[in-house]
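Please read the structure below before turning to the comments.
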Amino acid sequence: MRRFLVRWRVQRRDPRVRCFMSFVQNTSMSSASVSPSSPQPLPERPDTPCVAVCSTTFDDVCRGCGRTVDEVAQWVFMDVEQRERVWQRILAQGYPRRNY
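So for the sequence shown, the UniProt record's numbering puts the first residue at 1; every next one is plus one.
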């Protein structure tokens with residue numbers, strides 16, 4: 001522990017570290033900028049249907065989210081309309097299967 005403290009004291013003298021420390025202190029969020037009385041609205045649904053149960057046993061459909069292997073692979077490259085079509089299909093089929 002002592003070695004860490006000595007190293008930290010030496011690093012604090014380094015102008016690069018001092019510059020970074022002052023940047024962090026100056027850009028930290030103040031309590032006035034965040035109002036607890038106005039919470040951010042929750043999204044209607046997650047960005048992705050993935051439920052971290054990735055299993056495609058003997059076919060090309062994930063047992064957790066209902067997407068095909070191709071849809072999973074291309075999800076980040078899909079535009080909003082393509083994602084919406086996938087969402088509508090998997091919701092109609094009873095996916096994603098979330099265990100709350």
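Even for Gly, the Cβ is constructed at its ideal location relative to N, Cα and C.
Item to check | Cβ shell of residue 56 (< 8 Å), same chain only, five flanking positions each side left out | outcome: By one-based count along the sequence shown, residue 56 stands at place 56. These residues qualify, in order along the chain: 62, 63 and 69.
Checklist entry - Straight-line CA distance for residue 95 to residue 41? => result In the sequence shown, residue 95 corresponds to position 95, counting from 1. In the sequence shown, residue 41 corresponds to position 41, counting from 1. Put simply, the backbone Cα of residue 95 is about 24 Å away from that of residue 41.
Item to check | residue 75, enclosing alpha helix (DSSP H) - first and last residue | outcome: Here the question's residue 75 lines up with position 75 in the sequence shown. Looking at the DSSP string, residue 75 is not in any alpha helix (DSSP H), and its letter there is neither H nor E.
Checklist entry - How is residue 69 classed by DSSP in three states: helix, strand or coil? => result Taking the sequence shown and counting its residues from 1, the one referred to as residue 69 is at position 69. Helix, per DSSP.
Checklist entry - Nearest to residue 97 by CA position, among 78, 76, 67 and 80, is which residue? => result Along the sequence shown, read from residue 1 onward, the residue named residue 97 stands at position 97. Ranking 78, 76, 67 and 80 by CA distance to the CA of residue 97 puts 67 first.
Checklist entry - Does DSSP put residue 80 in a helix, in a strand, or in coil? => result As a working note, residue 80 is residue 80 in the sequence shown. It is helical.
Checklist entry - How is residue 86 classed by DSSP in three states: helix, strand or coil? => result In the sequence shown, counting from the first residue as 1, residue 86 sits at position 86. Looking at residue 86 - three-state DSSP - the assignment turns out to be helix.
Checklist entry - In chain order, what residues of the same chain have a beta carbon less than 6 Å from the beta carbon of residue 71, not counting five sequence neighbours either side? => result Taking the sequence shown and counting its residues from 1, one reaches residue 71 at position 71. Excluding residues up to 5 positions away in sequence, 86 lie with their Cβ nearer than 6 Å to the Cβ of residue 71 in the same chain.
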